[in-house]
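> Count along the sequence shown from 1, add 237, and you get the number used in the working numbering.
Beta carbons are placed, not taken as given, at the ideal position from N, Cα and C, and that holds for glycine.
Before we start, here is the structure in question, set down as structure tokens.
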Amino acid sequence: MSNSSNIIAWLVPTARGSFADKATQLACNDFRSVSTDSSPILTARLPNLVTSKPAKAIQLSFDQAPKRPGSFVLGSDPAHCDVVLPSLPGISPRHCALSFDAEGRLVLNDYSDRGTQVWYDWESNGDQTDYTWILSSGNSDGFPSTVQRITIDIQGVRFQIVVNDHSADWDTYRENVHAFVQQPAWTDGLTSGWDRASIDPVAPLFSTTPMFQHIFVKSLGDEPVGEMYLWNLARPWEPMVKAAA
238 MSNSSNIIAW
248 LVPTARGSFA
258 DKATQLACND
268 FRSVSTDSSP
278 ILTARLPNLV
288 TSKPAKAIQL
298 SFDQAPKRPG
308 SFVLGSDPAH
318 CDVVLPSLPG
328 ISPRHCALSF
338 DAEGRLVLND
348 YSDRGTQVWY
358 DWESNGDQTD
368 YTWILSSGNS
378 DGFPSTVQRI
388 TIDIQGVRFQ
398 IVVNDHSADW
408 DTYRENVHAF
418 VQQPAWTDGL
428 TSGWDRASID
438 PVAPLFSTTP
448 MFQHIFVKSL
458 GDEPVGEMYL
468 WNLARPWEPM
478 VKAAA
């Protein structure tokens, strides 16, 4: 069992008997499943589920590493996912992933065909694909610190995400995040013809150079109407993803 400082967050089904509740009972998720009464922090954040609180939640922690460095993958493929979801219409084999941004905030990235919804209290912009949502404020008081409840809706599989409180020891939290997001060696998966020397070094976490660059894409014409995207400088070959507000 993880000690409190190692716990990142809990994924709590929004109702008993739901598809999310069934996901907590899958054998492949068993080693991450904990009682919803296992932590006073978790219990205190679930007043909305007093009368229908599920028995289990999925606990994500630094000391139970994901299959690939840097992110917990959620989807229907048990061979590649860290949190396996039921095989339902619209759920991709590798649907979305939880990771950290350059400021140490927990974020959710969508990689699916049909999209994911994230609710901040009662507000959501619907199913979004290739999108990034901020789920914690790190060691600041910024967004979404004032949000009471964040719900992740993966094509009908709904979890309330409860982020652990690390305010008692931010230094340990930063060290854990830095170790968690370490990328595989540059040569992993690259062909022998790749010119590794041509790649600039990646900025370390919490450095003055952000690993995620905000790119504002304007529409054609005089009006500055467009969308904000995030470009991961640690993995510059990957496509940019649209940033949530």
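Could you give the DSSP three-state label for residue 328: helix, strand or coil?
For this step, residue 328 is matched to residue 91 along the sequence shown. Here residue 328 sits in coil by DSSP.
> Residue 256 and residue 393 - do their beta-carbons sit closer together than 8 Å?
Here residue 393 refers to the residue found at position 156 when the sequence shown is read from its first residue. Here residue 256 refers to the residue found at position 19 when the sequence shown is read from its first residue. Contact flag set, yes.
> Inspect the beta-carbon positions of residue 251 and residue 419 and report whether they are closer than 8 Å.
Here residue 251 refers to the residue found at position 14 of the sequence shown. Here residue 419 refers to the residue found at position 182 of the sequence shown. No. Outside cutoff.
> Going along the chain, which residues of its own chain have a beta-carbon closer than 6 Å to the beta-carbon of residue 383, five neighbours each way excluded?
Against the sequence shown, residue 383 aligns to sequence position 146. Result list for residue 383: empty, nothing under 6 Å.
> Which term fits residue 265, buried or exposed, when burial requires 16 or more other beta carbons within 10 angstroms of its beta carbon?
Residue 265 sits at position 28 when you count from the first residue of the sequence shown. So residue 265 ends up on the exposed side.
> Is residue 348 helix, strand or coil when you go by DSSP?
Along the sequence shown, read from residue 1 onward, the residue named residue 348 stands at position 111. Looking at residue 348 - three-state DSSP - the assignment turns out to be coil, as it is neither helix nor strand.
> Evaluate contact between the region 367-384 and the region 341-355, counting only Cβ atoms and requiring at least three cross-stretch pairs below 8 Å.
Yes, since at least three Cβ pairs between the region 367-384 and the region 341-355 fall closer than 8 Å, the two stretches touch.
> How long is the line joining the alpha carbons of residue 284 and residue 479, rounded to whole angstroms?
Within the sequence shown, numbered from 1, the residue matching residue 284 stands at position 47. Within the sequence shown, numbered from 1, the residue matching residue 479 stands at position 242. Roughly 32 Å separates the two Cα atoms.
> Can residue 311 and residue 334 be called in contact, C-beta distance under 8 Å?
Indexing the sequence shown from 1 puts residue 311 at position 74. Indexing the sequence shown from 1 puts residue 334 at position 97. It is a contact, given that the beta carbons lie within the stated cut-off.
> Quick one: residues in its chain with C-beta nearer than 7 Å to the C-beta of residue 400, no 5 flanking neighbours on either side, listed in chain order?
Sequence index remark: in the sequence shown, residue 400 carries index 163 (1-based). Counting only Cβ-Cβ distances below 7 Å, and skipping sequence neighbours, we find 246, 343, 372, 373.
> Contact between the region 404-417 and the region 269-279: three or more CB pairs below 8 Å?
At 8 Å Cβ cutoff, the stretches do not touch.
> For residue 315, which three-state DSSP category applies?
For this step, residue 315 is matched to residue 78 along the sequence shown. Coil.
> Return the first residue and the last residue of the beta strand (DSSP E) that residue 279 is part of.
In the sequence shown, residue 279 corresponds to position 42, counting from 1. Per DSSP, residue 279 belongs to no beta strand (DSSP E); it is in the alpha helix (DSSP H), 277-281.
> Could you spell out where the alpha helix (DSSP H) holding residue 411 opens and where it closes?
Position 174 of the sequence shown, counting from 1, holds the residue named residue 411. Per DSSP, residue 411 belongs to the alpha helix (DSSP H) from 407-417.
> Using a Cβ-Cβ cut-off of 6 Å (strictly less than) and excluding sequence neighbours within five positions of residue 385, which residues of its own chain qualify?
In the sequence shown, the residue the question calls residue 385 occupies position 148. Within the same chain, residue 385 has close Cβ partners 358.
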